[in-house]
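The next block holds one structure in the form of structure tokens; read it before the comments.
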Amino acid sequence: MAAVDFSYNGRGLRAEEGVTVAEALRSNGIRLGGRSMRLRVWRDEYHPLKEVPSAWVSIDGIANINAYRVRLKGGMKIASQTRRSLLALIGRYSGTGFYYRNFTRSEFARNFFFERVKKVNDYGGPNDPWKSSPGAVSELVFEPSQEMAPDVLIVGAGRSGLAALAALNLPEGRTVILVDALPRDIIEGNLRQLVLDMKGDAFPPELCPAAADTLDGLLKKKNATLLDGTTIFGAFEGGEYTAARGYSKILLLKPSAAILCTGSEEVKPVFQKNDIPGVITSRTLLSMPPDLFQDRKLPVLCLEAPLSVNYLSRISAVVKPTHIFLSFNADEEYAAQLSSVFGIAGQDIVSGRPSAAYGTYKVETLTVSLAGGGTKQFPTDLLVLAGRRQPRSELALLLSLNSMIDAETGMPVPAVNGGMLCGGDVYACGSLVYQDRTRSIASALVAAESVSIKLGMKGRSELMPSLNDVMTKRTEIKELAHGQPGGKAVVCPCLDVTIDDMRRLYSEGYETINRMRRFSGLFMGPCQGARCYRNVFEEYHSISGKQIDLPTVRPPLVPVYLGALALTDIPIEEEKK
Amino acid sequence: MTEQFDVAVIGAGIYGLMTAHRLLTMGVRKVAVFEMNYIGSGQSSRNAGGIRAQFANPHTIKFMVAAENEWRSMTRELGYNILFTQDGYLFSCYDDEDTELYALHRKLQNENGVKSVWLEPDAVAEHVPGINREGLVGANFHSLDGILHHDAVISGLIFSIRRNGGKIYEYTPVSKVEIGHDGKATLHTPNGNFQADYVVNATAAYAPGIASGLGISLPIKPVRRELVVTEPLQFFMKPMLVSLKYGITIHQSLRGEFIGHTSIAEPENFDLKASFAFMVKYARDITKLLPFMKNVRIVRQWAGTYDMTPDNSPVLGPAPSIPNFINAAGSSGHGFMMAPAVGKFIAEYITTGRVNELMRPFSLERFEKGEPLTELVLSQRGVL
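Going down the list, the protein sequences come from chains A and B. The numbering of the first sequence is this note's numbering, which starts it at 1 and goes up by one. The numbering of the second sequence is this note's numbering, which starts it at 1001 and goes up by one.
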């Protein structure tokens, strides 16, 4: 592709034609994503959304164009929509919740800042980009919605989701849909890992996918369709599961039974609280352009679970860690695999759980509490966290499910709320219910069995594993201590609320979590609480000594384009006049 | 012994808190507010914060002029910035609508002290860049209408009430109110009984349940309403935009998000679940009114409960037979904007015994007398 000239805020720049505007800017050292005005840092590497809100630019005088969605053409005049210096200055001296904090101090302060924010944005001025038509340039093309009514819907194609698929024993002609947000090649890796895991845990071979099974083969055998790159964003009363396929299309899924194996985002609470640049999850790492991490000299990788070799290879294509820290007891074979994938010596693979990360505006050192006892510090400039998952997903919260699988017996218990909400029977299992690998797979098998019986097949109780049996056959994972985060640690990464902020708000009289939330914006950023609520609750509990309920989860679970929603074909009852 | 109060306010929403705040600043010393959930847990934490005087009934218009004046000084009064900006409400008018109605509304509003004006399409596009200009005839606009931040108001009121010695009991539902032979009211709660000289029933859609124990029938029913918020864009749209044609009410917050509502058939109960039909209807309507919105993502949708009366106006003032039982409920979606005047007039009634002339038309008796405060068209079409 040919290099072309364009300009950014009047500066002449050069980049390849056809890449996105964001990529073109980044190749010139200009970053758009997730700038934190308060912490004065760029957070694109670990922002919850790849296309973060601050990615809006104006192009050729037309404002509010998403730089991640528009491709570069020669001669484009690109301008940022927020002048950095003044906003950074305001942000620097403001506390929790940038706008709220300043503006609630006094009316004078609010007007003073507001007028200036308007001024730096050229609002109403001669260069006001809104004088022309706003946001008219877009390469987004939306498609009409599609309705699908499979017999079984499996949400999540990780280990548990694939285990459920392999164990399904449905009558002829029944259909299955498997939904996952990640691309197909990761799901293929998950299948390979599942085969190894189930073999290692001595599950009955009849219930396991065969070593020779490819993803395509398994899907064909089960009459299943894989929708990769698809995210469930809602489950609505009397309706269906709604999903977004990419950005452009809404799917309406109406299954007669659903198995939730969502597991949710990888997060590591300790580090999330220390959310400083250079600490990212593996999923975010893989969703960003690899060249972003080229300058990191001392990357380290923290593995919370034995991830598939395929997945690890993808990480190794982006970074070559100097050390790997394992929070589980790996066998020699796995350690050898790690060593060969990343090309590092065995003594640099350390058993120990990372307990804290420090640095000013970027990560500098990592503290690890070692498996044998004691702690040790390691220098680093990029910390990749992989394998830790939240035990409950937002989808389950939206469905008002708590535990759908009995924790003792591994048997599903009937849904009260969830089942009514979505029409079909809902079985929640996998790491959604169990953080433990073996129990996750076992619960998925039990759920698949229940669905098969429901759809008219004879049960296979003689094959169903006894959880006790499989659990005794594997080695116990040793629990390691977590470190305590400092007060400057960020609790809510979207709105930069720190632990100190929460303490101060509490002492200023914002005593309940609701008042604190409404003042500071906790839970109310682009991630809608998905990344922060566990931290917030933990910190609130340690500050106040009070226990609080889980927050109400609101749809959409991921941001959805209005253009795609507008093309959704459902009947709507008009308001009575 | 049961605790005694001068005034017991039931419901820590905007009406209840505003009344308690006004009573305390007027010198009433023992004021308590009882809330079944957390403070502001109902509509007061769920609304869009719009303040307008562009109504279509003379009594409501006059009441709202008084309320807007109160809002203007509220930041100073509370010592807490409520983020009130007076950038106007803009009612867009399209050629397939009843365009004469807009002139009728303007005339009525002008006669009652609201200087609403007519804007030509070019002027409308100045206020709302990107509005669909196909068939756009113009708009009614009143520059003193505005937007405030509801959470800031509630926080400010909580601090003011505490500072002045008032008490707020959270998670304390009042199950029953009794009026004794001495005229004193007894409030029954799970945390014990409380006595008060006056009771203010500010419990929105729960008000009929409390009033019925005293033989008072309030014509109020709950209706679900929903709102949607988008990711933040550069701030550019100052006024609250209302389109009767598309059923849309929308504004841009200081942080840049668009917060909007559309009209759709909603269940008449306390259900607070968000519906997919609303999400889709909103997307369809808003992409017609503001076409650029198709490239914007929504991040959150939530629901609240309106407390609707037959004429879409609140019931304010003492109950006909019980002068120390005062209702302030049934605001039908515009309670927040009326609140400072409601609080002031009720506190005035409790301290002086006089019912303010502006509040008198909102009495419960209006339904028996056949003098409803019906709006000409606005509220029927689902405008907030």
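Built from N, CA and C at the ideal position, the CB exists for glycine as well. Given the structure is predicted, the values throughout are model-derived calculations rather than measurements.
Worksheet item: My guess is that ALA258 (chain A) and ILE250 (chain A) are in contact by the Cβ rule of under 8 angstroms, so how many angstroms apart are they, rounded?
Response: The Cβ separation is near 18 angstroms, so there is no contact.
Item to complete: Give the interface partners of PHE519 (chain A) over in chain B, defined as CB-CB distance under 9 angstroms, in chain order.
Response: Chain order gives the chain B residues near PHE519 (chain A) as ASP1151, ALA1152, SER1155, where near means a beta carbon separation below 9 angstroms.
Worksheet item: Looking only at its own chain, which residues have a Cβ that is under 6 angstroms from the Cβ of HIS1127 (chain B), when we skip the five neighbours before and after it?
Response: Closer than 6 angstroms at Cβ, skipping near neighbours: LEU1090, PRO1239.
Worksheet item: Checking contacts by CB at 9 angstroms: is SER1045 (chain B) closer than that to chain A?
Response: A Cβ of chain A is located within less than 9 angstroms of the beta carbon of SER1045 (chain B).
Worksheet item: Mind pulling the chain B residues with CB within less than 7 angstroms of VAL560 (chain A)?
Response: Under the 7 angstroms cutoff, chain B gives ARG1297, ILE1298.
Worksheet item: Quick one: is TYR540 (chain A) near chain B, going by C-beta distance under 9 angstroms?
Response: Not a single CB atom of chain B sits nearer than 9 angstroms to the CB of TYR540 (chain A).
Worksheet item: Assuming ALA1012 (chain B) contacts ILE1039 (chain B) under a Cβ cut-off of 8 angstroms, what Cβ separation, rounded to an integer in Å, is found between them?
Response: In this structure ALA1012 (chain B) touches ILE1039 (chain B) by the C-beta definition: roughly 4 angstroms separates them, less than 8 angstroms.
Practice prompt. Go ahead and pull the three-state DSSP assignment for GLU1348 (chain B).
Written response: GLU1348 (chain B): helix per DSSP, three-state reduction.
Worksheet item: To which residues does DSSP link SER7 (chain A) through a beta bridge?
Response: As DSSP reads the structure, SER7 (chain A) sits in a beta bridge with A:GLY12, A:LYS77.
Practice prompt. Go ahead and label THR214 (chain A) buried or exposed: buried means 16 or more other beta carbons lie within 10 angstroms of its beta carbon, across all protein chains shown.
Written response: Burial call: exposed.
Worksheet entry | Cβ pair count under 8 angstroms reaching 3, the region 1142-1159 of chain B against the region 1068-1087 of chain B | Touching, yes.
Practice prompt. Throw me the rounded Cβ distance for the GLY1260 (chain B) and TYR1246 (chain B) pair, which I believe falls under 8 angstroms.
Written response: About 10 angstroms separates the two Cβ atoms, so there is no contact after all.
Discussion item. Determine, for GLY1016 (chain B), whether the minimum Cβ-Cβ distance to residues of chain A falls below 9 angstroms.
Written reply: Using a Cβ-Cβ cut-off of 9 angstroms, GLY1016 (chain B) does not count as an interface residue toward chain A, since no Cβ of chain A sits closer than that to its own.
Practice prompt. Could you tell me the distance, in whole angstroms, from the CA atom of GLY428 (chain A) to the CA atom of ASP197 (chain A)?
Written response: It should be pointed out that residue 428 (chain A) corresponds to Ala in this sequence rather than to Gly. Rounded to whole angstroms, ALA428 (chain A) to ASP197 (chain A) spans 21 angstroms at the Cα level.
Worksheet item: Exposed or buried, what is HIS1181 (chain B) when buried is set at 16 or more other beta-carbons lying within 10 Å of its beta-carbon?
Response: When all chains shown are included, HIS1181 (chain B) counts as exposed.
Fill in: Through-space distance from ALA566 (chain A) to VAL279 (chain A), alpha-carbon basis
Those two C-alpha atoms are separated by around 38 angstroms.
Item to complete: Answer yes or no: does any C-beta atom of chain A fall closer than 9 angstroms to that of PHE1091 (chain B)?
Response: So no, PHE1091 (chain B) is outside the interface.
Item to complete: May I ask you to report which of helix, strand or coil DSSP gives LYS478 (chain A)?
Response: With a pLDDT of only 43 at LYS478 (chain A), under the threshold of 50, the placement of this residue in the model should not be trusted; the figure read from the coordinates follows. In this structure, LYS478 (chain A) counts as coil in the three-state DSSP scheme.
Worksheet entry | Nonlocal neighbours in the same chain, by C-beta distance under 6 angstroms from MET1338 (chain B), ignoring five residues either side | Excluding sequence positions up to five before and after MET1338 (chain B), its CB lies within less than 6 angstroms of the CB of ALA1067, all in the same chain and listed in chain order.
Worksheet item: Just how far apart, CA to CA, sit LEU168 (chain A) and PHE523 (chain A)?
Response: Rounded to the nearest whole angstrom, the C-alpha separation of LEU168 (chain A) and PHE523 (chain A) is 38 angstroms.
Worksheet item: If you draw a straight line from the alpha carbon of THR568 (chain A) to that of GLY1050 (chain B), how long is it in whole angstroms?
Response: Taking the straight line joining both Cα atoms gives about 30 angstroms.
Fill in: Contact set between VAL1280 (chain B) and chain A, taken where Cβ atoms lie within less than 8 angstroms
Chain A residues near VAL1280 (chain B): LEU565, ALA566, THR568, ILE570, ILE572.
Worksheet entry | Per DSSP, the bridge partner or partners of ALA1123 (chain B) | ALA1123 (chain B) pairs with nothing; no bridge assigned.
Item to complete: Would you grab the beta carbon distance between THR1189 (chain B) and VAL1174 (chain B) for me? Rounded to a whole angstrom, and I think it's under 8 angstroms.
Response: Rounded to whole angstroms, the Cβ separation of THR1189 (chain B) and VAL1174 (chain B) is 5 angstroms, and the two are in contact under 8 angstroms.
Worksheet item: ARG192 (chain A) to ILE513 (chain A), Cα distance in whole Å?
Response: Within the model, the alpha-carbon separation for ARG192 (chain A) versus ILE513 (chain A) is close to 44 angstroms.
Worksheet item: Just to confirm, are ARG518 (chain A) and GLU206 (chain A) a CB contact at a threshold of 9 angstroms?
Response: At the C-beta level, ARG518 (chain A) and GLU206 (chain A) stay beyond 9 angstroms of one another.
Worksheet item: Is there at least one Cβ from chain B nearer than 9 angstroms to PHE537 (chain A)'s Cβ?
Response: By this cut-off, PHE537 (chain A) is not an interface position.
Discussion item. Run through chain B and tell me which residues come within less than 7 angstroms of THR242 (chain A), C-beta to C-beta.
Written reply: Neighbours of THR242 (chain A) in chain B, taken as residues at a C-beta separation under 7 angstroms, are given in chain order as PHE1276.
Worksheet entry | Coarse secondary structure for ASP228 (chain A), derived from DSSP in three states | Looking at ASP228 (chain A) - three-state DSSP - the assignment turns out to be coil, as it is neither helix nor strand.
Worksheet item: Does the separation of the CB atoms of ASP381 (chain A) and PRO299 (chain A) fall below 9 angstroms?
Response: Result yes, Cβ atoms of ASP381 (chain A) and PRO299 (chain A) sit closer than 9 angstroms.
Discussion item. Would you say ASN402 (chain A) lies against chain B (beta-carbon separation less than 9 angstroms)?
Written reply: The predicted position of ASN402 (chain A) is uncertain, since its pLDDT is 47 and thus under 50; a value taken from the coordinates is nonetheless stated next. No, no contact with chain B.
Worksheet item: Beta-carbon of ARG515 (chain A) versus every beta-carbon of chain B: anything under 9 angstroms?
Response: Judged by the 9 angstroms Cβ criterion, ARG515 (chain A) is in contact with chain B.
Discussion item. Suppose you measure from the CA of GLY161 (chain A) to the CA of VAL1009 (chain B); what does that come to, to the nearest Å?
Written reply: C-alpha separation (whole angstroms): 53 angstroms.
Worksheet item: Which bits of chain A does ALA1265 (chain B) rub up against, with CB to CB less than 7 angstroms?
Response: Listed along the chain, the chain A residues whose CB falls inside 7 angstroms of the CB of ALA1265 (chain B) are GLU573, GLU574, GLU575, LYS576.
Item to complete: Would you mind telling me which residues of chain B sit closer than 9 angstroms to LEU140 (chain A), beta carbon to beta carbon, in chain order?
Response: Per Cβ cutoff of 9 angstroms: LYS1294, ASN1295.
Discussion item. Let me see if you follow: with CB-CB separation under 9 angstroms, is ASN64 (chain A) close to chain B or not?
Written reply: So yes, ASN64 (chain A) belongs to the interface.
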